[in-house]
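Asker:
Number of protein chains: 2
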Amino acid sequence: MIEDKDPKKTALQELGEFQLIKHLTKDFAITNASTLKGIGDDAAVLDLKDKKTVLSTDLLVEGIHFDLSYMPLKHLGYKAVMVNLSDIYAMNAVATQITVSIAVSNRFPLEALEELYAGIELATKSFNVDLIGGDTTSSKTGLLISITAIGVANDNEIAYRSGAKPHDLLVVTGDLGGAYMGLQVLEREKAVFKVNPNSQPDLEPYTYIVERQLKPEARKDIVELLKQLEVTPTAMIDISDGLSSEILHLCEQSNVGCDLYEDKIPLDPTVISACEEFSIDSTLVALSGGEDYELLFTIDQKDFDKIKGNPNLTVIGHMTDASLGANMVTRSGSKIGLTAQGWNSFKE
Amino acid sequence: MIEDKDPKKTALQELGEFQLIKHLTKDFAITNASTLKGIGDDAAVLDLKDKKTVLSTDLLVEGIHFDLSYMPLKHLGYKAVMVNLSDIYAMNAVATQITVSIAVSNRFPLEALEELYAGIELATKSFNVDLIGGDTTSSKTGLLISITAIGVANDNEIAYRSGAKPHDLLVVTGDLGGAYMGLQVLEREKAVFKVNPNSQPDLEPYTYIVERQLKPEARKDIVELLKQLEVTPTAMIDISDGLSSEILHLCEQSNVGCDLYEDKIPLDPTVISACEEFSIDSTLVALSGGEDYELLFTIDQKDFDKIKGNPNLTVIGHMTDASLGANMVTRSGSKIGLTAQGWNSFKE
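Here the protein sequences come in this chain order: D and U. For reference, each letter of the first sequence is one residue, going 1 to 348 in the working numbering. For reference, each letter of the second sequence is one residue, going 1001 to 1348 in the working numbering.
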């Protein structure tokens, strides 16, 4: 489904590694005062002053984490940055720099990498982070992207996974399950396309969920909102593997239990209708779907008034004593234990 | 040539991603006071105080950068860390933390990854750096390692590539060409082994150069030595692609020329005899061989007395006006222009 808009193809071996990285990064501007030296030396140099440094890294592998048959390269570049920035925001920190390394087979022409870097550039501009380094090399097969994100935070504002206390409220941003249902729609269209390459899919009714899958937005705005509301989460994590798995991480690392209320889980109407169409339970999708890149955090009850009524934030439960375990209170009022459905990339 | 000492094999899919990374990193200790939080949250948290942060990243791909038929996994883990630390030392900085991400196919059992991490652990202990994060995922084929190294330096001590001035002395550490000649020996033995699997190679005469290839040591000691000698290099780079390519980087980024003296290039006797055996010119090997991970730097002439006679340091030339270009003065006294033989991983 990727259109070849530009028939021009330049083989990567025509450029050396140095030329390639120079070419791909020539339009990137440095905008953060903390970046003293970006690309072009043995290492980048940063001046992060007396703030704490926050650092996270992720690998994205073709055929495991993304499928180029429906993921345009520009979107992939953008999403790869989002996945990493989301980890920085999940510490309640401000993202400031990234490094991007790629391993790529010769089947990709230069123009394909330009598309990828256009998406990366858009992300760096929109989220005000500087690209400060990376590595570009060849691979035997496919494309692999490794990104490291760096951020800063004041010591007393950092939200670890381990700070939740019993009676803290459990809060989630945005809505859940969209990215997973978007993937279902894209997979279905891919299967249809294989059978009939002339089929013209009408993705219009699915715009929201397809965008959630192809162009997720890391919640930088939430970190800013919480600062403005003068709320410091007692614990925070981003939702990459699904709500259930993330709640279990918070419970384990904070040594608390949790009561999650099924009827409070925020779902977009598009997600609900897609779940009906695909005959999947929407709660299951929210619990185990993953890739929403929303933030999940806990706050002290005294902060409830500060967040009450904010359309970006939904209280979905509260933390309990560790001995009570992590549970979901269903719509019918029964309690069931939450189980990890975290994604295992080694399973076939 | 890798012996299977332990017939026990555990499939990676038996563990999830979380279990795998927990298992592989359980023996790693945090030893730097600047590491506030290592593995286990959305991001690591560092307290680098008022020092400048130095950061570098590298990708190593099976079949491109390493060949597991003669590179034991433990050595590979060690070398992957060295490659990155070398970039930090090339800034005249102290390395403090690393992240390690791997993409690995299911053909590797858990025990293979344990070997890899044993090498990584040995490197972190020997060089006093903390493993603070990473990502572990599956790949379609082979093994890929992405490492990011973090270090700290005082502002006035950082050695960029761009600070060399005409008349500065050009200094190299250790000796050159060993890693390349070690690779030639290993490639030859691999070819022999393919023809006759019962052949017992005698690598004893080649111990030094094979070790240079399989177990390079990043020059942390040089950064410490320079501090002790009270010498701050005006420019510095590490030798990963060969002396010629690195000199050209220094010349280009400092806007200077260079006269390199062929007869000053430090060569180990083992390298010279291996070059004779393989009928390769030893100067060419030093200029273009690569992977020595020695440091190449420039100093002001007034600092010459401080480094004079140090067995770790060899003055191999001096910088000139940019208009004169980068040249080598041969043993016969003629001048030839240096050309980049930098390695292009995209060429087949």
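Beta carbons are placed, not taken as given, at the ideal position from N, Cα and C, and that holds for glycine.
Could you check whether the Cβ of R349/D sits closer than 9 angstroms to any Cβ belonging to chain U?
Answerer: The structure shown has nothing for residue 349/D, since chain D only spans 1 to 348.
Asker: Kindly indicate which three-state DSSP category N1327/U falls into: helix, strand or coil?
Answerer: By one-based count along the second sequence, residue 1327/U stands at place 327. Of the three classes helix, strand and coil, the one that applies to N1327/U here is strand, per DSSP.
Asker: Rounded to whole angstroms, what is the Cα-Cα separation between I1265/U and T1298/U?
Answerer: In the second sequence, residue 1265/U corresponds to position 265, counting from 1. In the second sequence, residue 1298/U corresponds to position 298, counting from 1. If you take the alpha carbons of I1265/U and T1298/U, they lie about 15 angstroms apart.
Asker: Identify which residue in T10/D, G289/D, K9/D, E14/D has its Cα closest to the Cα of I209/D.
Answerer: Within the first sequence, numbered from 1, the residue matching residue 209/D stands at position 209. Among T10/D, G289/D, K9/D, E14/D, the Cα nearest to that of I209/D is on G289/D.
Asker: So what's S1279/U in DSSP terms, helix, strand or just coil?
Answerer: Counted from its first residue, the second sequence places residue 1279/U at position 279. If DSSP states are grouped into helix, strand and coil, S1279/U belongs with coil.
Asker: Counting C-beta neighbours from all protein chains within 10 Å, is the total for N310/D 16 or more, i.e. buried, or is it exposed?
Answerer: Residue mapping note: residue 310/D aligns to position 310 of the first sequence, counting from 1. With fewer than 16 Cβ atoms within 10 Å of its Cβ, N310/D is classed as exposed.
Asker: Let me know the secondary structure DSSP gives E1294/U once reduced to three states.
Answerer: One-based indexing of the second sequence puts residue 1294/U at position 294. Here E1294/U sits in coil by DSSP.
Asker: Taking beta-carbon pairs under 9 angstroms, can you tell me which members of the region 131-149 of chain D lie near chain U?
Answerer: Within the region 131-149 of chain D, the residues whose Cβ lies closer than 9 angstroms to some Cβ of chain U are I132, G133, G134, D135, T136, T137, S138, S139, K140, T141, G142, L144, S146, T148, A149, listed in chain order.
Asker: Using 10 angstroms around the beta-carbon of T1339/U, count the other beta-carbons present and answer buried if the total reaches 16, otherwise exposed.
Answerer: Here residue 1339/U is taken as the residue at index 339 of the second sequence, counted from 1. Burial check for T1339/U: the Cβ neighbour count within 10 Å stays below 16, so the residue is exposed.
Asker: Which stretch, first to last residue, makes up the beta strand (DSSP E) that contains I132/D?
Answerer: Here residue 132/D is taken as the residue at index 132 of the first sequence, counted from 1. Unbroken beta strand (DSSP E) run through I132/D: 130-133.
Asker: So, is the C-beta of L1338/U closer than 9 angstroms to a C-beta in chain D?
Answerer: The residue labelled residue 1338/U in the question sits at position 338 within the second sequence. Not an interface residue.
Asker: Could you confirm whether any beta carbon from chain U is found closer than 9 angstroms to the beta carbon of E348/D?
Answerer: Within the first sequence, numbered from 1, the residue matching residue 348/D stands at position 348. Because E348/D sits at a pLDDT of 40, beneath the cut-off of 50, its placement in the model cannot be relied upon, and the point is left open.
Asker: In whole angstroms, give me the CA-to-CA distance for K1190/U and L1183/U.
Answerer: Position 190 of the second sequence, counted from the first residue, corresponds to residue 1190/U. Position 183 of the second sequence, counted from the first residue, corresponds to residue 1183/U. Looking at the two C-alpha atoms, the distance is approximately 10 angstroms.
Asker: Considering only the beta carbon of each residue, do L1186/U and L1214/U sit closer than 9 angstroms?
Answerer: The residue you call residue 1186/U lines up with position 186 of the second sequence. The residue you call residue 1214/U lines up with position 214 of the second sequence. Going by C-beta atoms, L1186/U is nearer than 9 angstroms to L1214/U.
Asker: To the nearest angstrom, report how far apart L1131/U and G133/D are at their CA atoms.
Answerer: On the second sequence, residue 1131/U is found 131 positions in, with the first residue counted as 1. On the first sequence, residue 133/D is found 133 positions in, with the first residue counted as 1. Using only the alpha carbons, I get a separation of about 20 angstroms.
Asker: Please confirm if K1052/U has its CB atom under 9 angstroms from at least one CB of chain D.
Answerer: In the second sequence, counting from the first residue as 1, residue 1052/U sits at position 52. Yes - at least one Cβ of chain D is within 9 angstroms of the one on K1052/U.
Asker: Do you know offhand how far I1247/U's Cα is from R212/D's?
Answerer: Position 247 of the second sequence, counted from the start, is the residue given in the question as residue 1247/U. Position 212 of the first sequence, counted from the start, is the residue given in the question as residue 212/D. Computed Cα separation, rounded: 48 angstroms.
Asker: So with Cβ pairs under 9 angstroms, would you call D1238/U a contact of chain D?
Answerer: Translated into the one-based positions of the second sequence, residue 1238/U becomes position 238. Closer than 9 angstroms to some Cβ of chain D, the Cβ of D1238/U qualifies, so yes.
Asker: Which term fits Q1228/U, buried or exposed, when burial requires 16 or more other beta carbons within 10 angstroms of its beta carbon?
Answerer: Position 228 of the second sequence holds residue 1228/U. Result: exposed.
Asker: Short of 7 angstroms in beta carbon distance, which residues of its chain neighbour Y180/D, apart from the five on each side in sequence? Order them along the chain.
Answerer: Here the question's residue 180/D lines up with position 180 in the first sequence. Only V285, G289, G290, E291 meet the Cβ criterion.
Asker: Hey, quick one: how far does the alpha helix (DSSP H) through V1195/U stretch, first residue to last?
Answerer: For the purposes of this step, residue 1195/U is identified with residue 195 of the second sequence, where counting begins at 1. V1195/U -> alpha helix (DSSP H) spans 1178-1195.
Asker: How is the alpha helix (DSSP H) around E208/D delimited, first residue to last?
Answerer: For the purposes of this step, residue 208/D is taken as residue 208 along the first sequence, with counting starting at 1. The sequence given here has Tyr at residue 208/D, not Glu. Element bounds for Y208/D: 207-214.
Asker: Give me, in chain order, the residues of the same chain whose beta-carbon lies closer than 8 angstroms to that of E294/D; leave out the 5 immediate sequence neighbours on both sides.
Answerer: Here the question's residue 294/D lines up with position 294 in the first sequence. Hits under 8 angstroms: V172, T173, G174, D175, L176, R219, D238, I239.
Asker: Please give me, in chain order, every unbroken run of the beta strand (DSSP E) with length at least 3 that falls completely inside the region 294-321 of chain D.
Answerer: 295-299, 313-321
Asker: Alpha carbon to alpha carbon, how far is G163/D from M91/D?
Answerer: Taking the first residue of the first sequence as position 1, residue 163/D is located at position 163. Taking the first residue of the first sequence as position 1, residue 91/D is located at position 91. Rounded to the nearest angstrom, the two C-alpha atoms are 12 angstroms apart.
Asker: Please compile the residues from chain U whose C-beta is within a distance smaller than 8 angstroms of the C-beta of M91/D.
Answerer: In the first sequence, residue 91/D corresponds to position 91, counting from 1. The contact set of M91/D on chain U, defined by CB atoms closer than 8 angstroms, consists of D1041, D1042, A1043, V1045 in chain order.
Asker: May I ask which residues mark the beginning and end of the alpha helix (DSSP H) holding Y117/D?
Answerer: Stepping through the first sequence from its first residue, residue 117/D is reached at position 117. 110-126 is the extent of the alpha helix (DSSP H) around Y117/D.
Asker: To the nearest angstrom, how far is it from the Cα of K1079/U to the Cα of K9/D?
Answerer: One-based indexing of the second sequence puts residue 1079/U at position 79. One-based indexing of the first sequence puts residue 9/D at position 9. Computed Cα separation, rounded: 36 angstroms.
Asker: In angstroms, rounded to a whole number, what distance separates the CA positions of P197/D and Y70/D?
Answerer: Taking the first residue of the first sequence as position 1, residue 197/D is located at position 197. Taking the first residue of the first sequence as position 1, residue 70/D is located at position 70. Their Cα atoms are separated by approximately 14 angstroms.
Asker: For L170/D, list the residues DSSP reports as bridge partners.
Answerer: Start at 1 with the first residue of the first sequence, and residue 170/D comes out as number 170. Paired residues: T298/D, G317/D.
Asker: What three-state label does DSSP hand I1158/U in the structure shown?
Answerer: Residue mapping note: residue 1158/U aligns to position 158 of the second sequence, counting from 1. Three-state result, I1158/U: coil.
Asker: Return no unless some Cβ of chain U is closer than 9 angstroms to the Cβ of V223/D.
Answerer: Counting from one through the first sequence, the residue named residue 223/D turns up at place 223. So no, V223/D is outside the interface.
Asker: Examine chain U for any beta-carbon lying closer than 9 angstroms to the beta-carbon of G309/D, and answer yes or no.
Answerer: As a first step, residue 309/D is located in the first sequence; it is residue number 309 there, counting from the start. Cβ-Cβ to chain U under 9 angstroms: no for G309/D.
Asker: Indicate the three-state DSSP secondary structure (helix, strand or coil) for Y259/D in the structure shown.
Answerer: Taking the first residue of the first sequence as position 1, residue 259/D is located at position 259. Note that residue 259/D corresponds to Asp in the displayed sequence, not to Tyr. In the three-state reduction of the DSSP assignment, D259/D falls in the strand class.
Asker: Could you tell me the boundaries of the alpha helix (DSSP H) in which A33/D lies?
Answerer: For the purposes of this step, residue 33/D is taken as the residue at position 33 of the first sequence. It is not in any alpha helix (DSSP H) - A33/D carries neither H nor E in the DSSP assignment.
Asker: Would you check if the region 300-315 of chain D and the region 245-260 of chain D touch, i.e. whether three or more CB-CB distances between them fall below 8 angstroms?
Answerer: no
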